[in-house]
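Numbered as in the working numbering, the sequence shown ends at 658 without a single skipped number.
Ideal Cβ placement from N, Cα and C applies to all residues, glycine included.
Bear in mind that the values here come from a model prediction, so they are computed numbers and not experimental data.
This report concerns only the one structure given below.
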Amino acid sequence: MAIRSRRPTAKAALLPVLLTGALALAACSSGGSSTPASQTGGGTAAKTLVVDTSFNLKTADPGRTYEPTGLTVGKAAYDTLLTFDGSDVTKPVPSLADSYELSADGKKLTLKLHQGATFADGSPVTADDVVFSLNRVRDMKGTPSFLLDGVEVEKTDETTVTLTSKNPNPALPYILPNPALGIINSKVAKEHGATADPGDKAEQYLNSTSLGSGPYTIESVNISSQVVLKANAKYWGPKKPVYDKVVIRNVESATQKLNVSRGDSQVALDLSGDQVNGLPGTLQVTKTPSANVVFLLANRNSSVSAITANPKFAEAVRKGIDYTGLLELAGEGSVQAPGVIPSMFLGALPADQAAKRDVEGAKAALKESGVADPKVKLEYPSELTLNGLSLQGIAERIQANLKEVGITVELAPSPVTTALDNYRNGKEELGLWWWGPDYPDPSDYLVFLPGKTVGLRAGWKAGADKEIEAAGDKAAAAIGDDARKQAYVDVQTKLNASSPFIPLIQPSQNIVTAASVTGMKFHPVWTIDVADLGAK
Numbered sequence: 123m124a125i126r127s128r129r130p131t132a133k134a135a136l137l138p139v140l141l142t143g144a145l146a147l148a149a150c151s152s153g154g155s156s157t158p159a160s161q162t163g164g165g166t167a168a169k170t171l172v173v174d175t176s177f178n179l180k181t182a183d184p185g186r187t188y189e190p191t192g193l194t195v196g197k198a199a200y201d202t203l204l205t206f207d208g209s210d211v212t213k214p215v216p217s218l219a220d221s222y223e224l225s226a227d228g229k230k231l232t233l234k235l236h237q238g239a240t241f242a243d244g245s246p247v248t249a250d251d252v253v254f255s256l257n258r259v260r261d262m263k264g265t266p267s268f269l270l271d272g273v274e275v276e277k278t279d280e281t282t283v284t285l286t287s288k289n290p291n292p293a294l295p296y297i298l299p300n301p302a303l304g305i306i307n308s309k310v311a312k313e314h315g316a317t318a319d320p321g322d323k324a325e326q327y328l329n330s331t332s333l334g335s336g337p338y339t340i341e342s343v344n345i346s347s348q349v350v351l352k353a354n355a356k357y358w359g360p361k362k363p364v365y366d367k368v369v370i371r372n373v374e375s376a377t378q379k380l381n382v383s384r385g386d387s388q389v390a391l392d393l394s395g396d397q398v399n400g401l402p403g404t405l406q407v408t409k410t411p412s413a414n415v416v417f418l419l420a421n422r423n424s425s426v427s428a429i430t431a432n433p434k435f436a437e438a439v440r441k442g443i444d445y446t447g448l449l450e451l452a453g454e455g456s457v458q459a460p461g462v463i464p465s466m467f468l469g470a471l472p473a474d475q476a477a478k479r480d481v482e483g484a485k486a487a488l489k490e491s492g493v494a495d496p497k498v499k500l501e502y503p504s505e506l507t508l509n510g511l512s513l514q515g516i517a518e519r520i521q522a523n524l525k526e527v528g529i530t531v532e533l534a535p536s537p538v539t540t541a542l543d544n545y546r547n548g549k550e551e552l553g554l555w556w557w558g559p560d561y562p563d564p565s566d567y568l569v570f571l572p573g574k575t576v577g578l579r580a581g582w583k584a585g586a587d588k589e590i591e592a593a594g595d596k597a598a599a600a601i602g603d604d605a606r607k608q609a610y611v612d613v614q615t616k617l618n619a620s621s622p623f624i625p626l627i628q629p630s631q632n633i634v635t636a637a638s639v640t641g642m643k644f645h646p647v648w649t650i651d652v653a654d655l656g657a658k
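Structure (C-alpha cells):
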C-alpha cells in the first residue's frame, strides 16, 4: 500500500488514487465529533467506540476501495470468502467459505460456501452473489481489479465456487481476504446500477449504505471527516459486534494524541514512536513492526548514473549504512528488514541474515569500483511520513553514514508528485522509498526482480540477472508452504547479494487504546478489525 501509509504500489494505476488520499491527510483533519464516546459498564454492550485516524479514503464501495481507511471500513461491513485470524497472516481461515482446496498445479481453487450466512437485510448469501461480486471487482477495472487478473470465477453448484487461474496462483487464498473482495448482495446492487463491467454505476449508492454480510453496516460516510458504522443486528457469524456504533474520524496525529488522552476517543491509529511517549499510564499501547519496508535503491541504468550502476558501488552503500542507528531513529517496535519481504510474511528472511555495517568493507568495495570521490543525489518525498516517521531523518542519517565511507550524498527532497514521477520513471540515482503489501503473500514482492515494476524503477532491466530471474520464476510456481518459503528465501538471499535494492527497516506501527478496549491487533492489510474489539 501503497502509502498506508500505502506504498507506491505494484500497479502504476494505483498511484494517483493512493497519493490523492495521502495528500488529503494534512488538509482534511477534523479534531472533534458530536458523537458521544460514552460506554456502558457491568459487562453489557458498549455503546459507542470512537476511532481516530488520518483518513486515506476515497470510497466505501468494496469493489473500488483500496485505501487504508476504506479497507478498515470494508472489513467491518463486508465478509469475504476467507479471512485471517487476528494478526496472523500465515494461513487463511474460513469466513463465507467453510473450506478451500488448491489443485496440485496451483491453478484451480475450489471453495465450499458456508450455509446459513445472511446479508444485513436477512437474505441468504448465495454462490451467485459470490460470482457476481468477484467478477464485478475484476471487470470494473477499478483500483483493486488487479487482485483477480487472469482469474475466472464460476459457480460449480449451489454450495461451491471455483476460481481458475491461467498460471499457477498459490497466492490466491491470501488475496481473497482483502476487503475489496467483500461479497455484496447482488440482487439489490443490480437494482442500484451494479454491473460486472466498467459501466457500473453503484458506487454512489454504496457510499451511503452497505450491502454486505459483515458484523457492521454503514450508517453514513463523509470521505473527508468521518464514517459511522452500526452493529448488524442480523449478523450470522460467531463473533457478534460488541459496540452498537463505531465512529471513525479523520484527525491529525497531534489531535489524536490529545483526544485519546482525555477520553474523547478510545482508539488512535496514527501516533509516531515519539508521540506515544508520555501518554497516561491508563492507556494501552500496541507496538509492532509495520508491514512497510523502507528501502534504498541505487540505479543500475548507466545513462542515469555511471556511479550507481556500478555493482561495487551498491555493495559499498550496503556495507556503509548504520542499520542500528536507523532503528534507534525509528524507535521502539521497529525492526531491521533483512530482505524486502516483511518479517510477518511467509518467506521472510530470518533476522540473523540482516546486513551489518562494515565501514572497512565498504571502503574496500568502493575502491574496487574504481569510482573516485563519488557524489550522488538521494531523492525522496519531502512531505510524507511513514508510520509517523519522516523520511528526512532517515536520509540525513544515510548521508552521514556514507560520508564516513567516502561517498558524498546530496539530499534532494521534493514534493511527492515530483519525487514519485522520477521514481516511477527510473530517473533517480539513489532513491529512498517504501513498499507495503497489496496482500500478505511473498509473491507480491517479485516486483523487485529485473524487468518487473520496481526493478525497472531502479533501472534493472529483464535479462540483467538471469540467476535471480530464474529463482523468481521458481518461487512464483512453487506450491506448498515449505517449498514456497524456501524459494522466497532463496530469491531474497540473491537480491541481497547483487541487486540494486538495500532493505533498511520496518517502522513501528503504534496503536493506542483506552483501558476499556480489548482485542486490539494490528493487521497489515486492514489495519484493525473493529469487530474483534471488545470492552471491559
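Residue i classed as buried or exposed, judged by whether at least 16 other C-beta atoms fall within 10 angstroms
i      : result
Lys180 : buried
Ala609 : buried
Pro246 : exposed
Ala653 : buried
Gln628 : buried
Asp319 : exposed
Thr507 : buried
Thr640 : exposed
Ala413 : buried
Asp651 : buried
Arg384 : exposed
Glu276 : exposed
Gln237 : exposed
Asp660 : The structure shown does not extend to residue 660, since the chain is modelled only from 123 to 658, so the question has no answer here.
Pro646 : buried
Asp271 : exposed
Pro572 : buried
Residue i versus residue j: straight-line alpha-carbon distance, rounded
i      : j      : result
Leu333 : Ala637 : 33 angstroms
Tyr296 : Asp227 : 17 angstroms
Pro559 : Leu391 : 18 angstroms
Asp563 : Ala293 : 6 angstroms
Met262 : Gln326 : 15 angstroms
Pro337 : Leu542 : 38 angstroms
Thr202 : Leu224 : 17 angstroms
Gly244 : Lys356 : 7 angstroms
Lys213 : Ala599 : 18 angstroms
Ser221 : Glu280 : 15 angstroms
Ser620 : Ala428 : 17 angstroms
Thr278 : Thr286 : 12 angstroms
Thr331 : Thr339 : 7 angstroms
Leu235 : Ser217 : 9 angstroms
Val283 : Ser335 : 18 angstroms
Lys323 : Arg260 : 15 angstroms
Asn544 : Arg606 : 34 angstroms
Nonlocal neighbours in the same chain, by C-beta distance under 8 angstroms from residue i, ignoring five residues either side
i      : result
Val462 : Val415, Phe417, Trp557, Tyr567, Phe570, Gln614, Leu617, Phe623, Pro625
Same chain, Cβ closer than 7 angstroms to residue i, neighbours up to 5 away in sequence not counted
i      : result
Leu393 : Ser375, Gln378, Lys379, Gly510, Asn632, Val634
Gly447 : Arg519
Lys409 : Glu454, Gly455, Ser630, Asn632
Gly192 : Leu179, Lys180, Thr181, Ala182
Ser465 : Pro411, Val457, Gln628
Range covered by the beta strand (DSSP E) that runs through residue i
i      : result
Ser342 : 338–344
Glu325 : From DSSP, Glu325 is part of no beta strand (DSSP E) but of the alpha helix (DSSP H) over 325–328.
Boundaries (first-last residue) of the alpha helix (DSSP H) holding residue i
i      : result
Arg519 : 513–525
Pro460 : Note, Pro460: premise wrong, no alpha helix (DSSP H); not H, not E.
Lys300 : The sequence given here places Asn at residue 300; Lys does not occur at that position. Here Asn300 belongs to no alpha helix (DSSP H), and DSSP marks it neither H nor E.
Glu450 : 445–452
Arg479 : No alpha helix (DSSP H) holds Arg479; DSSP gives it neither H nor E.
Val538 : 538–546
Phe435 : 433–442
Ile590 : 588–599
Gln74  : Any property of residue 74 remains undetermined from this structure, which presents the chain solely from 123 to 658.
Same chain, Cβ closer than 6 angstroms to residue i, neighbours up to 5 away in sequence not counted
i      : result
Asn381 : Asp174, Ser387
Tyr445 : Gln458
Ser342 : Val350
Gly515 : Leu451
Val576 : Val569, Phe570
Any non-hydrogen atom of the ligand NAD closer than 7 angstroms to residue i Cβ
i      : result
Glu591 : Annotation note on the ligand NAD: not contained in the displayed structure, which lists no ligands.
Inter-stretch contact at 8 angstroms, needing at least 3 Cβ pairs: the region 472–486 / the region 393–409: The region 472–486 is not in contact with the region 393–409.
At least three beta-carbon pairs within less than 8 angstroms, the region 432–441 to the region 479–489: Contact between the region 432–441 and the region 479–489 is present: three or more C-beta pairs spanning the two stretches fall below 8 angstroms.
Stretch pair the region 247–263 + the region 305–315: three plus CB contacts closer than 8 angstroms: By the criterion of at least three beta-carbon pairs nearer than 8 angstroms, the region 247–263 is in contact with the region 305–315.
Three CB pairs or more closer than 8 angstroms across the region 205–212 and the region 418–426: Short answer: they don't touch.
Cβ contact (3+ pairs, closer than 8 angstroms) linking the region 170–177 and the region 354–371: As far as the Cβ criterion goes, the region 170–177 touches the region 354–371, which means the pair count is three or higher.
The region 587–594 touching the region 540–560, judged by at least three CB pairs closer than 8 angstroms: Short answer: they don't touch.
Meets three-Cβ-pair contact criterion under 8 angstroms: the region 429–438 and the region 489–501: Enough Cβ pairs lie closer than 8 angstroms, so yes.
Cβ contact (3+ pairs, closer than 8 angstroms) linking the region 498–506 and the region 527–541: Counting Cβ pairs under 8 angstroms, three or more are found: they touch.
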